[in-house]
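Below is one structure; the comments refer to it alone.
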Amino acid sequence: MAKVRVLVVDDSLTVRRRLCEILAREVDIEIAGEAADGKQAIELCRELQPDVMTLDMMLPVMSGLAATEYIMAHCPTPILIVSSSTNRGAVFKTFDALAAGAVDVLEKPRGDEADGDWERKFVSTVKLVSRIKVITHPRGRLAGLARAPPEQILFPTAALSQSYRVVALGASTGGPNAIVLVLRSLRMVLTFPVLIVLHLGEQFGAAFADWLETQTPHSVAYAEDGEPVASIGGRVVLAPPGRHLLVRGGRLRLTSDPERQSCRPSIDVLFESLAREYGAETLACLLTGMGRDGAAGLLEIRKAGGYTIAQDEASSIVYGMPREAVALGAAERVLPLGQIGPAISELLARTRSG
Numbered sequence: 031m032a033k034v035r036v037l038v039v040d041d042s043l044t045v046r047r048r049l050c051e052i053l054a055r056e057v058d059i060e061i062a063g064e065a066a067d068g069k070q071a072i073e074l075c076r077e078l079q080p081d082v083m084t085l086d087m088m089l090p091v092m093s094g095l096a097a098t099e100y101i102m103a104h105c106p107t108p109i110l111i112v113s114s115s116t117n118r119g120a121v122f123k124t125f126d127a128l129a130a131g132a133v134d135v136l137e138k139p140r141g142d143e144a145d146g147d148w149e150r151k152f153v154s155t156v157k158l159v160s161r162i163k164v165i166t167h168p169r170g171r172l173a174g175l176a177r178a179p180p181e182q183i184l185f186p187t188a189a190l191s192q193s194y195r196v197v198a199l200g201a202s203t204g205g206p207n208a209i210v211l212v213l214r215s216l217r218m219v220l221t222f223p224v225l226i227v228l229h230l231g232e233q234f235g236a237a238f239a240d241w242l243e244t245q246t247p248h249s250v251a252y253a254e255d256g257e258p259v260a261s262i263g264g265r266v267v268l269a270p271p272g273r274h275l276l277v278r279g280g281r282l283r284l285t286s287d288p289e290r291q292s293c294r295p296s297i298d299v300l301f302e303s304l305a306r307e308y309g310a311e312t313l314a315c316l317l318t319g320m321g322r323d324g325a326a327g328l329l330e331i332r333k334a335g336g337y338t339i340a341q342d343e344a345s346s347i348v349y350g351m352p353r354e355a356v357a358l359g360a361a362e363r364v365l366p367l368g369q370i371g372p373a374i375s376e377l378l379a380r381t382r383s384g
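According to the numbering used here, the sequence shown holds residues 31 to 384 in order.
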């Protein structure tokens, strides 16, 4: 079996040697090369054509973000960001890199992890990311889809006559870019609450709401326990890192209950609560992501009469969660990313004018 060829990029020689040492222990991994700055990373990526690249954000000569944008435009390669969430600006650049096509992010070890935990997570994430088929120009390609006039989407009569009270989105790997494009392409001033669960590590997730607000025209914040859903209006509300988000008795609730599908927050937890709370008045969409979280919850919403959408395979960075939803029969429609926002807009516009 062919080995996974990894290009390790970090300006610290100590860090590079440590990452290479960890990877070299694996019989199915080969160190393809090392780079100390963004320009060298691009040159070696073109020359060596690795299966996956680990990339620091703070690099000399050319930043990790600039290197990501160039690589995804000219020699698309699965990129795992391995960086430190040292300040707000650095974290925002990490989100920018994810939006530009980097697959996932892993914080550098802090030193307080249990022995071997970070190393095991690093190796497993490198292997997972190496198997993801990335596309050229993900930002330009998908943004173009979002800006293009959508082809007419034929909805069932029940969907067009139905009134909706809440919109819910769930996403994981590839989710930051997908969420941005959906929110940007909502062709209306939002008057409906939009609830979102995104799988993102706590160290980086804490700043995601602030970053997302800079990328879309909508007001974005993390959920507050006990807040009435009716008071949210047209705001976008996110599950905080490490807390489940659900709706009970017309109010947002945050819990530290056990993980679902190895996730907290869990998309299933939110979706299932909306099926119970609002039933047919729920409009939900499951976006790109690894695993199966959200598929069962989307099915519960569909069973309750709500309208459900899953992102299609061609536009998904990882066709994991949406595929599971389709296999369960949970998705009323399967749409490319560029059509999801316009489709939601159409349904909500009819609710607003009805």
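Note that the Cβ used here is the ideal one computed from N, Cα and C, for glycine as well.
Since residue i and residue j are thought to touch, with beta carbons under 8 Å apart, how far apart are those beta carbons, to the nearest angstrom?
{"i": "residue 61", "j": "residue 50", "result": "5 Å"}
{"i": "residue 309", "j": "residue 336", "result": "6 Å"}
{"i": "residue 111", "j": "residue 132", "result": "5 Å"}
{"i": "residue 106", "j": "residue 164", "result": "5 Å"}
{"i": "residue 118", "j": "residue 237", "result": "6 Å"}
{"i": "residue 281", "j": "residue 256", "result": "5 Å"}
{"i": "residue 314", "j": "residue 268", "result": "In fact, because the Cβ distance is near 15 Å, the residues do not count as touching under 8 Å."}
{"i": "residue 276", "j": "residue 300", "result": "6 Å"}
May I have the straight-line CA-CA distance separating residue i from residue j, to the nearest angstrom?
{"i": "residue 333", "j": "residue 302", "result": "11 Å"}
{"i": "residue 121", "j": "residue 348", "result": "23 Å"}
{"i": "residue 294", "j": "residue 91", "result": "38 Å"}
{"i": "residue 266", "j": "residue 221", "result": "10 Å"}
{"i": "residue 197", "j": "residue 285", "result": "21 Å"}
{"i": "residue 193", "j": "residue 223", "result": "14 Å"}
{"i": "residue 152", "j": "residue 377", "result": "42 Å"}
{"i": "residue 37", "j": "residue 364", "result": "36 Å"}
{"i": "residue 311", "j": "residue 338", "result": "11 Å"}
{"i": "residue 24", "j": "residue 292", "result": "The question about residue 24 has no answer here: the residues shown for the chain are numbered 31 through 384."}
{"i": "residue 212", "j": "residue 128", "result": "15 Å"}
{"i": "residue 87", "j": "residue 287", "result": "33 Å"}
{"i": "residue 179", "j": "residue 371", "result": "Note on residue 179: pLDDT 48, under 50, position unreliable in the model; no value is reported."}
{"i": "residue 143", "j": "residue 114", "result": "15 Å"}
{"i": "residue 130", "j": "residue 261", "result": "34 Å"}
{"i": "residue 208", "j": "residue 283", "result": "25 Å"}
{"i": "residue 369", "j": "residue 340", "result": "11 Å"}
{"i": "residue 98", "j": "residue 305", "result": "39 Å"}
{"i": "residue 156", "j": "residue 33", "result": "12 Å"}
{"i": "residue 380", "j": "residue 316", "result": "22 Å"}
{"i": "residue 174", "j": "residue 367", "result": "Bear in mind that a pLDDT of 44 at residue 174, under 50, signals an unreliable position, so the number given afterwards is only what the model happens to contain. Cα-Cα distance, rounded: 11 Å."}
{"i": "residue 84", "j": "residue 39", "result": "6 Å"}
{"i": "residue 13", "j": "residue 244", "result": "Within the shown structure, residues of the chain are numbered from 31 to 384, placing residue 13 beyond reach of any answer."}
{"i": "residue 242", "j": "residue 227", "result": "13 Å"}
{"i": "residue 100", "j": "residue 109", "result": "12 Å"}
{"i": "residue 375", "j": "residue 195", "result": "13 Å"}
{"i": "residue 104", "j": "residue 95", "result": "14 Å"}
{"i": "residue 138", "j": "residue 45", "result": "9 Å"}
{"i": "residue 253", "j": "residue 271", "result": "10 Å"}
{"i": "residue 325", "j": "residue 373", "result": "20 Å"}
{"i": "residue 35", "j": "residue 77", "result": "13 Å"}
{"i": "residue 229", "j": "residue 251", "result": "16 Å"}
{"i": "residue 296", "j": "residue 361", "result": "18 Å"}
If I follow the unbroken beta strand (DSSP E) through residue i, where does it start and stop?
{"i": "residue 341", "result": "337-341"}
{"i": "residue 226", "result": "224-228"}
{"i": "residue 312", "result": "312-316"}
{"i": "residue 252", "result": "250-252"}
{"i": "residue 268", "result": "266-268"}
{"i": "residue 221", "result": "No beta strand (DSSP E) holds residue 221; DSSP gives it neither H nor E."}
{"i": "residue 364", "result": "363-365"}
Over what stretch of residues does the alpha helix (DSSP H) that includes residue i continue unbroken?
{"i": "residue 306", "result": "297-307"}
{"i": "residue 200", "result": "Looking at the DSSP string, residue 200 is not in any alpha helix (DSSP H); the run it does join, the beta strand (DSSP E), is 196-201."}
{"i": "residue 121", "result": "118-129"}
{"i": "residue 352", "result": "351-358"}
{"i": "residue 48", "result": "43-54"}
{"i": "residue 206", "result": "205-214"}
{"i": "residue 149", "result": "147-160"}
{"i": "residue 143", "result": "Premise fails: residue 143 is in no alpha helix (DSSP H) and is neither H nor E."}
{"i": "residue 192", "result": "From DSSP, residue 192 is part of no alpha helix (DSSP H); its letter is neither H nor E."}
{"i": "residue 98", "result": "94-104"}
With a threshold of 16 other CB atoms inside 10 Å of the CB of residue i, please say whether the residue is buried or exposed.
{"i": "residue 210", "result": "buried"}
{"i": "residue 79", "result": "exposed"}
{"i": "residue 124", "result": "buried"}
{"i": "residue 215", "result": "buried"}
{"i": "residue 168", "result": "Summary for residue 168: the model assigns pLDDT 46, below 50, so the residue's position carries little reliability; its value from the coordinates is reported in the next sentence. So residue 168 ends up on the buried side."}
{"i": "residue 353", "result": "buried"}
{"i": "residue 258", "result": "exposed"}
{"i": "residue 57", "result": "exposed"}
{"i": "residue 31", "result": "exposed"}
{"i": "residue 42", "result": "exposed"}
{"i": "residue 298", "result": "buried"}
{"i": "residue 345", "result": "buried"}
I'd like to confirm the pairing. Which residues does DSSP put opposite residue i in its beta bridges?
{"i": "residue 64", "result": "38"}
{"i": "residue 112", "result": "136"}
{"i": "residue 83", "result": "37, 109"}
{"i": "residue 27", "result": "Beyond the ends of the chain as shown, which are 31 and 384, falls residue 27; an answer cannot be given."}
{"i": "residue 331", "result": "The partner list for residue 331 (beta bridge, DSSP) is empty, contrary to what the question assumes."}
{"i": "residue 319", "result": "349"}
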